[in-house]
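In what follows, a single structure is set out as structure tokens and then discussed.
Residue numbers (my numbering), protein chains in the order written: chain L, 1 to 280; chain C, 1001 to 1306.
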């Protein structure tokens, strides 16, 4: 990359989500969602289940077209095959016996989209080893994917996504169903990826506390609408109350954040009105 | 040796044709079968055998070669299943079931018409359960060419196919047309079923498709190893079946000999059962692990550098 190219890459946001809206049979899923992510930034896409986080990720990946608005990656509109994006699903459902090892999946990150008979080169095999090492997955590199724990599977999926050297890594609820220790480990790993390798990270989660120490930016979604900024800017009673459409309290306790939605709130939320909401 | 190899076995033309044909269909079935099992499409594979039956029965009725009928039936069936929605996991069983039901009804009609019109009851037996000893030798090259083409297609799509078996979301995110790859695989599966039908009968072709593959997957850790072992098991099973069926002519003077398909299916089933015994699996896994560590140790400098 030339110096000018590098400067431009630094100046242009890795991801721009610009007024994205989507309705589905009369129901609004996303309403004018706007935010951007810069190089190496760790962004949490926070919201309870069913608020449209997965849909938003699918739109960014180009798997779904929005009704309104636009998504740009490195200043370019979405192309069908975008190697600048890496995607990590929550988990993969495979039988324990399916003969695909962790290292086989990581290698598919290099050539899984290619047709043809080419054998893998030594450089490619080196890179697979390097990635397995980077996510600390060497111990179970030869195990079948269906036999890995949730945390182990996440590491392997992250290595799979990183091997193609993306600028932006999208992760769909990677911390759900993980034990607290694995949550810590995965968050630390992703933080390292963002700071050391300059890969921007957009991670969806229904709870933000594990991410508070590492998040540069938060995109808080509820009822299809989103607010974005730093945690201090967004996770405040006024901002979230406006977003929810009814009064919401934000409590800070021992460095943890608790968002409490008013009982009997009028916002079209998927949560039961009496619940202590969203972010434990 | 005479206990196993009855006189005239290797000099018999039909046996040689059967051995060649059997090896080709066993290999194609094994390769396609491993992906079928990994993709959890065994039911679709079975349904295609029913559509192949319809094609084979229909072809015999109008005097066309049964191979063309088998192939035509299963490929059209694969198209129909794709159109109804075999790609979506949720509607997959439904699509499969509907096509299967319709096809079986037609088969019943065709086979009925055939037996009533031509008074050859053997046809039903031949279509459903195979006739590897009576196959015309000129069929073998046709089967070999189609089989090779199928293997080439599978080899070319193997990586996107594997990735979309792991996760269709992840695969689509890389720009793969999951639907296109799935359709290509269904066609390969259909051709494999059609080819196998001519050898061991349409109904029993599922056994050769799923059996060796499922057994191999139990015993191996990589797709490549599964495919190779499945091929070896498939060919061994088929040849042993042919051998036993040939021998069975001599077991009882009054008998006509027992059908090859019966032996192939029984051996396949026995193999699957034996490898399912925990003690057997542990033994194999242990050997694998030991082999793995030895390999890792000897190739460590290479692994570190490549």
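Beta carbons are placed, not taken as given, at the ideal position from N, Cα and C, and that holds for glycine.
Computed from a prediction, not measured in an experiment: that's the story for all the values here.
Short check: CB of residue i to CB of residue j, under 8 Å?
i               : j               : result
residue 101(L)  : residue 143(L)  : yes
residue 103(L)  : residue 141(L)  : yes
residue 1073(C) : residue 1054(C) : yes
residue 217(L)  : residue 31(L)   : no
residue 1212(C) : residue 1180(C) : no
residue 1220(C) : residue 1229(C) : yes
residue 189(L)  : residue 135(L)  : yes
residue 145(L)  : residue 94(L)   : yes
residue 1145(C) : residue 1195(C) : no
residue 257(L)  : residue 214(L)  : no
residue 1042(C) : residue 1264(C) : no
residue 1103(C) : residue 1077(C) : yes
residue 1217(C) : residue 1205(C) : no
residue 1178(C) : residue 1017(C) : no
residue 162(L)  : residue 169(L)  : yes
residue 1200(C) : residue 1107(C) : no
residue 1028(C) : residue 1147(C) : yes
Give me the Cα-Cα distance between residue i and residue j, rounded to the nearest whole angstrom.
i               : j               : result
residue 1080(C) : residue 1128(C) : 22 Å
residue 85(L)   : residue 42(L)   : 15 Å
residue 1068(C) : residue 1123(C) : 16 Å
residue 1237(C) : residue 37(L)   : 58 Å
residue 1182(C) : residue 1192(C) : 15 Å
residue 107(L)  : residue 131(L)  : 9 Å
residue 1271(C) : residue 1248(C) : 21 Å
residue 12(L)   : residue 73(L)   : 9 Å
residue 1159(C) : residue 128(L)  : 16 Å
residue 167(L)  : residue 51(L)   : 26 Å
residue 1111(C) : residue 1050(C) : 13 Å
residue 160(L)  : residue 90(L)   : 13 Å
residue 1099(C) : residue 1045(C) : 12 Å
residue 1060(C) : residue 1066(C) : 6 Å
residue 1084(C) : residue 1141(C) : 34 Å
residue 114(L)  : residue 1155(C) : 11 Å
residue 53(L)   : residue 204(L)  : 7 Å
residue 1012(C) : residue 1152(C) : 32 Å
residue 1115(C) : residue 1242(C) : 27 Å
residue 1246(C) : residue 97(L)   : 36 Å
residue 266(L)  : residue 242(L)  : Low confidence applies to residue 266(L): its pLDDT is 40, below 50, so where it sits in the model is not reliable, and the reading given next is rough at best. Taking the straight line from one Cα to the other gives about 12 Å.
residue 1031(C) : residue 64(L)   : 34 Å
residue 227(L)  : residue 247(L)  : 16 Å
residue 1023(C) : residue 1186(C) : 22 Å
residue 198(L)  : residue 14(L)   : 11 Å
residue 77(L)   : residue 138(L)  : 37 Å
residue 221(L)  : residue 1150(C) : 48 Å
Span of the alpha helix (DSSP H) holding residue i?
i               : result
residue 1154(C) : 1139-1166
residue 102(L)  : 102-111
residue 237(L)  : 237-244
residue 58(L)   : 53-61
residue 1266(C) : 1260-1276
Run down chain L in chain order and give the residues with a C-beta less than 9 Å from the C-beta of residue i.
i               : result
residue 1154(C) : Near residue 1154(C) there are no residues of chain L at all, since even the closest Cβ is about 11 Å away, more than 9 Å.
Please report the residue range of the beta strand (DSSP E) in which residue i lies.
i               : result
residue 256(L)  : 256-261
residue 24(L)   : 15-24
residue 36(L)   : 27-37
residue 42(L)   : 42-46
residue 71(L)   : 68-73
residue 253(L)  : 248-253
residue 228(L)  : 225-229
residue 1193(C) : Counting along the chain, residue 1193(C) falls outside any beta strand (DSSP E), though it belongs to the alpha helix (DSSP H) covering 1178-1200.
For residue i, go through chain C and note every residue whose CB falls closer than 8 Å to its CB, in chain order.
i              : result
residue 117(L) : 1155 and 1156
residue 108(L) : 1159, 1162, 1163 and 1166
residue 203(L) : Neighbours of residue 203(L) on chain C: none; closest Cβ ~15 Å, over 8 Å.
Just to make sure I have the definition right: I need the residues of chain C whose C-beta is within less than 9 Å of the C-beta of residue i. Which are they?
i              : result
residue 112(L) : 1159, 1160, 1162, 1163, 1164, 1166, 1170, 1171, 1174 and 1176
residue 45(L)  : Result: empty, since nearest Cβ-Cβ is about 16 Å, beyond 9 Å.
residue 22(L)  : By Cβ distance, chain C contributes nothing, its closest Cβ being about 18 Å from residue 22(L), past 9 Å.
At 7 Å on the CB atoms, spell out the chain C contacts of residue i, in chain order.
i              : result
residue 105(L) : 1166
residue 283(L) : Outside the shown range of chain L (1 to 280) lies residue 283(L), about which nothing can therefore be said.
Using a C-beta cutoff of 8 Å, does residue i count as contacting chain A?
i              : result
residue 216(L) : Although the question refers to chain A, the structure presented lacks it and instead comprises the protein chains L and C.
Run the proximity test for residue i: is its beta-carbon closer than 7 Å to any non-hydrogen atom belonging to the ligand GTP?
i              : result
residue 141(L) : With respect to the ligand GTP, the structure shown offers nothing to examine, as it has no ligands at all.
request  = Identify each residue in the stretch 163-177 of chain L for which the Cβ-Cβ distance to at least one residue of chain C is less than 7 Å, and report them in chain order.
outcome  = So the list is empty, because no residue satisfies the distance condition.
key: the stretch 129-150 of chain L: positions lying closer than 9 Å to chain C by Cβ   = The stretch 129-150 of chain L vs chain C, Cβ under 9 Å: 129, 142, 143, 144 and 145.
key: Interface positions of the stretch 90-102 of chain L facing chain C (Cβ-Cβ less than 7 Å), listed along the chain   = Taking 7 Å as the cut-off between beta carbons, the residues of the stretch 90-102 of chain L near chain C are 92, 94, 97, 98, 99, 100 and 101, in sequence order.
ask   = If you measure beta-carbon to beta-carbon, which residues of the stretch 1216-1231 of chain C are closer than 8 Å to chain L?
value = For the stretch 1216-1231 of chain C, the set of positions with a beta-carbon nearer than 8 Å to some beta-carbon of chain L reads 1217, 1218, 1220, 1221, 1222, 1223, 1225 and 1226 in chain order.
task = Report the residues of the stretch 1026-1038 of chain C with a CB closer than 7 Å to any CB of chain L, ordered along the chain.
result = Answer set for the stretch 1026-1038 of chain C: 1038.
key: Contact set between the stretch 37-68 of chain L and chain C, restricted to residues whose Cβ is under 9 Å from the partner   = The residues in question are 58, 61, 62 and 63.
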